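Chemist:
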Amino acid sequence: MAQQKASSDEVRSYADQLVKDHTNADQMVLATAQKTGAHLRSASTARSKTDQKLSSASGAQFDRMFLEQTSADHKKLMSELQQEREDASDDNIEALIDKIMPILQQHHELAQILLKKEQALAGPIQNHG
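What follows is the structure, encoded as structure tokens:
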């Protein structure tokens, strides 16, 4: 969605990078699951509410909402994976998490940097009332 709706080239590039990196990560996860016989959980349906909010936004508002959501999602996922890493008893799963974690960290940090740029461009938010 961000590849079409983002108003900033930087946000669009970020979205492109997310798609590439997450596609590669998904392939690593599937390969590891096949190797270890692990069962994968399906993705949460909570995304639909977020997707509805994002689809109704446009321009700088979309960029800001997208970056905020992406940052929060990556932070949550890193926390969950850290817990999985501590609980894992399989070396393959530990190695997979060790490969994915830096990618998620980079995505989270880049979302924060872009968000700060967006906020700087937008200027202070006026509070009416």
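For the sequence shown, the numbering used here assigns the number 130 to the initial residue and increments by one for each residue that follows. Yeah, the Cβ is synthetic: ideal placement off N, Cα and C, and Gly gets one too. Since the model is a prediction, treat every value here as computed from it, not as a measurement.
1. Quick check: residue 237 and residue 203, are their CB atoms within less than 9 angstroms of each other?
2. Tell me whether the region 216 to 232 and the region 137 to 149 touch, counting them as touching only if at least three CB pairs, one residue from each stretch, are closer than 8 angstroms.
3. Below 8 angstroms, can you find three or more Cβ-Cβ pairs linking the region 175 to 193 to the region 223 to 237?
4. Hey, out of 160, 132, 161, 159, whose CA is closest to residue 282's CA?
5. What did DSSP end up calling residue 207 once you bin it into helix, strand or coil?
6. Alpha carbon to alpha carbon, how far is residue 234 from residue 228?
7. What are the boundary residues of the alpha helix (DSSP H) that includes residue 137?
Modeler: According to the data block:
1. Cβ distance < 9 angstroms, so residue 237 and residue 203 count as in contact.
2. No, because fewer than three Cβ pairs between the region 216 to 232 and the region 137 to 149 fall closer than 8 angstroms, the two stretches do not touch.
3. Judged by Cβ distances under 8 angstroms, the region 175 to 193 makes no contact with the region 223 to 237, as fewer than three pairs qualify.
4. No answer is possible for residue 282: the residues shown for the chain start at 130 and end at 258.
5. Helix.
6. The C-alpha of residue 228 is placed about 11 angstroms away from the C-alpha of residue 234.
7. Annotation for residue 137: no alpha helix (DSSP H) segment contains it, and DSSP assigns it neither H nor E.
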